[in-house]
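The structure under discussion appears below in the form of structure tokens.
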């Protein structure tokens with residue numbers, strides 16, 4: 001950012017205490033109420049410096065995030081809450097405690113926000129907090145090949161810069177107050193930027209409930225005042241469009257977490273009667289580029305960002321980024337502002353808006369004591385037996401697939417559990433110990449034939 005990191009930056013840009021910041025089960029929540037809730041929760045925070053915010057309700061998550069920031073504590077935002085992840089959080093920050101709004105089995109000290117009432121009478125105006133630009137806001141974690149999530153520290157100035165750049169690119173500074181509904185969790189980088197920070201930094205409002213079923217999402221979106229923005233993913237958009245429900249008119253659609261096919265983007269724009277902007281970014285960088293997916297394959301960098309090539313690798317720098325950051329994906333640079341995405345990093349998988357790596361999943365699978373060898377595999381679209389879920393092949397003599405799945409559930413997010421999990425006598429490794437993709441493709445095809453023609457097995 002052009003602004004020095006030590007400058008004070010506001011928690012929110014709403015100009016009136018009566019501005020709406022959220023809609024929750026039909027109730028409008030004002031900025032005055034929000035700031036009072038933040039003050040209330042800040043006074044209740046436990047002594048630890050680090051906070052795991054697992055609130056499902058988006059408004060409660062935002063209140064908790066703001067309370068933690070204004071108390072100069074640090075949020076931990078991993079992508080899952082498995083036993084293994086919680087143990088890793090404890091190793092990273094032994095003083096961590098949990099903010100929640102529902103019962104859970106996370107073995108940490110807990111502070112529950114379920115009693116937070118948006119109807120509490122507030123008789124005073126609380127000034128909007130000003131936060132140092134270099135304030136450490138939180139660690140966002142990504143999975144690494146070693147099996148341990150890699151932390152990426154996010155400071156306030158960088159987050160504000162990213163949110164304001166996104167709002168500007170999306171046209172949210174047109175004098176209107178946008179209402180944002182997200183189908184992605186606020187704990188992930190995309191959800192954090194595009195459903196929480198963008199609301200705080202553009203004077204908008206969010207939809208608080210986190211619905212799963214298309215009919216519920218459609219009904220909630222219909223109830224929100226316009227202009228309204230839907231923040232979603234390709235898998236959620238596909239589910240909404242195929243659900244046979246009446247879809248409300250939108251003013252803007254945003255998608256991320258996986259490349260969006262042009263035909264799906266065009267169908268979404270026609271069904272919602274609104275333009276769709278796709279976001280490109282990562283946990284490391286946050287949002288760095290957008291494209292109108294229904295019209296072009298080219299991505300356009302946010303203002304102030306530029307790509308450079310050094311030592312055979314692409315780096316992005318400038319804009320809201322505090323330092324240059326390596327790009328892991330294969331990009332074709334078209335000019336100073338635009339590029340094409342030739343392919344995601346080879347081992348990344350995105351399922352139901354969640355991101356992991358095959359290396360990390362394989363590490364967890366092979367860390368189960370009963371497993372002698374194992375591998376996760378994502379089939380190609382259109383191949384025999386292909387599915388939109390991961391497959392696993394496991395060598396674990398003397399045990400069955402049910403036990404392995406139960407132990408995997410303790411280590412990885414349920415979204416990445418293999419369906420199916422095949423028990424095999426051996427994996428087709430080559431003489432260097434590698435597992436060629438072609439060999440795994442042949443294995444998938446063989447199992448598909450066996451399942452459909454059991455007499456030939």
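In full-length UniProt numbering, the protein residues as written are 1 to 457.
Where a beta carbon is used, it is the ideal one built from N, C-alpha and C, also for glycine.
Inset, instruction - Return yes when the Cβ of residue 276 is within less than 7 Å of the Cβ of residue 253, no when it is not. - result: Yes. Within cutoff.
Legend entry - Rounded separation between residue 305 and residue 443 - CA only: Here the alpha carbon of residue 305 sits roughly 44 Å from the alpha carbon of residue 443.
Inset, instruction - Grab me the residues of residue 439's own chain with a C-beta within less than 6 Å of its C-beta, minus the 5 sequence neighbours each way, in chain order. - result: So the list reads 428, once near-sequence residues are dropped.
Legend entry - Cβ separation of residue 95 and residue 113, assumed to be a contact under 8 Å, to the nearest whole Å: Cβ-Cβ separation between residue 95 and residue 113: approximately 20 Å, too far for a contact (criterion under 8 Å).
Inset, instruction - May I have the straight-line CA-CA distance separating residue 258 from residue 110, to the nearest angstrom? - result: Residue 258 and residue 110: Cα-Cα distance of roughly 34 Å.
Inset, instruction - With distances taken Cα to Cα, identify the nearest neighbour of residue 139 among 218, 188, 133 and 418. - result: The candidate whose alpha carbon is nearest that of residue 139 is 188.
Legend entry - For residue 153 and residue 403, the rounded distance between their alpha carbons: Cα-Cα distance, rounded: 37 Å.
Inset, instruction - Tell me where the beta strand (DSSP E) around residue 277 begins and ends. - result: Run containing residue 277: 276-282, per the beta strand (DSSP E) assignment.
Inset, instruction - Give every residue of the same chain whose Cβ lies closer than 6 Å to the Cβ of residue 350, excluding the five residues on either side of it in the sequence, and list them in chain order. - result: Around residue 350, the same chain offers 257 and 258 as residues with beta carbons nearer than 6 Å, after the five sequence neighbours per side are excluded.
Legend entry - Which listed residue (417, 60, 332 and 27) has its alpha carbon closest to that of residue 42: Closest by C-alpha distance to residue 42, out of 417, 60, 332 and 27, is 60.
Legend entry - Assumed close pair residue 166, residue 194 - CB separation to whole angstroms, cut-off 8 Å: Contact flag correct, Cβ pair sits at about 7 Å.
Inset, instruction - For residue 313, count neighbouring Cβ atoms within 10 angstroms of its own Cβ and tell me buried if that reaches 16, exposed if not. - result: Classification of residue 313: exposed, given that the 10 Å Cβ count is below 16.
Inset, instruction - Excluding the 5 residues preceding and the 5 following residue 324 in the sequence, name in chain order all residues of the same chain whose CB lies nearer than 6 Å to its CB. - result: Annotation for residue 324: 315 and 317 place their beta carbon closer than 6 Å to its own, counting only its chain and skipping 5 residues before and after.
Inset, instruction - Measure from the alpha carbon of residue 86 to the alpha carbon of each residue in 423, 213, 411 and 230, then state which is nearest. - result: From the listed residues 423, 213, 411 and 230, the smallest Cα separation to residue 86 is found for 411.
Inset, instruction - Report the option in 295, 337, 354 and 288 whose CA atom is closest to the CA atom of residue 322. - result: Ranking the options by Cα distance to residue 322, first place goes to 288.
Inset, instruction - In the DSSP assignment, find the unbroken alpha helix (DSSP H) run with residue 373 in it and report its ends. - result: Segment 373-377 is the beta strand (DSSP E) holding residue 373; no alpha helix (DSSP H) there.
Legend entry - Reduced DSSP category for residue 233 - H, G, I as helix; E, B as strand; rest coil: Residue 233 falls in the coil class under three-state DSSP.
Legend entry - Every unbroken alpha helix (DSSP H) within the stretch 42-83, with a cutoff of 4 residues, ordered by chain: As far as the stretch 42-83 is concerned, its whole alpha helix (DSSP H) runs of at least 4 residues are 58-70.
Legend entry - Alpha-carbon spacing of residue 413 relative to residue 216, whole angstroms: Cα-Cα distance, rounded: 24 Å.
Inset, instruction - Report yes or no: do three or more beta-carbon pairs, one from the stretch 33-48 and one from the stretch 163-182, lie closer than 8 Å? - result: Result no; under three Cβ-Cβ pairs closer than 8 Å.
Inset, instruction - Determine the closest residue to residue 26 out of 374, 14, 40 and 209, with distance taken between C-alpha atoms. - result: Nearest of 374, 14, 40 and 209 to residue 26, Cα basis: 209.
Inset, instruction - Going by DSSP, name the residue or residues bridged to residue 180. - result: Here residue 180 is bridged, per DSSP, to 206 and 229.
Legend entry - Coil, strand or helix - residue 472 by DSSP: The structure shown does not extend to residue 472, since the chain is modelled only from 1 to 457, so the question has no answer here.
Legend entry - Sub-7 Å separation of residue 11 and residue 93 beta-carbons: Residue 11 places its beta carbon 7 Å or farther from that of residue 93.
Legend entry - Best match in 80, 229 and 46 for proximity to residue 141 [C-alpha to C-alpha]: Residue 80 is the option with its Cα nearest to residue 141.
Legend entry - Helix, strand or coil at residue 392 [DSSP, three-state]: Residue state, collapsed to three classes: strand.
Inset, instruction - Would you grab the beta carbon distance between residue 197 and residue 170 for me? Rounded to a whole angstrom, and I think it's under 8 Å. - result: The Cβ separation is near 13 Å, so there is no contact.
Legend entry - Expected contact under 8 Å - CB spacing of residue 106 and residue 54 to nearest Å: Indeed, because the Cβ distance is near 7 Å, the residues count as touching under 8 Å.
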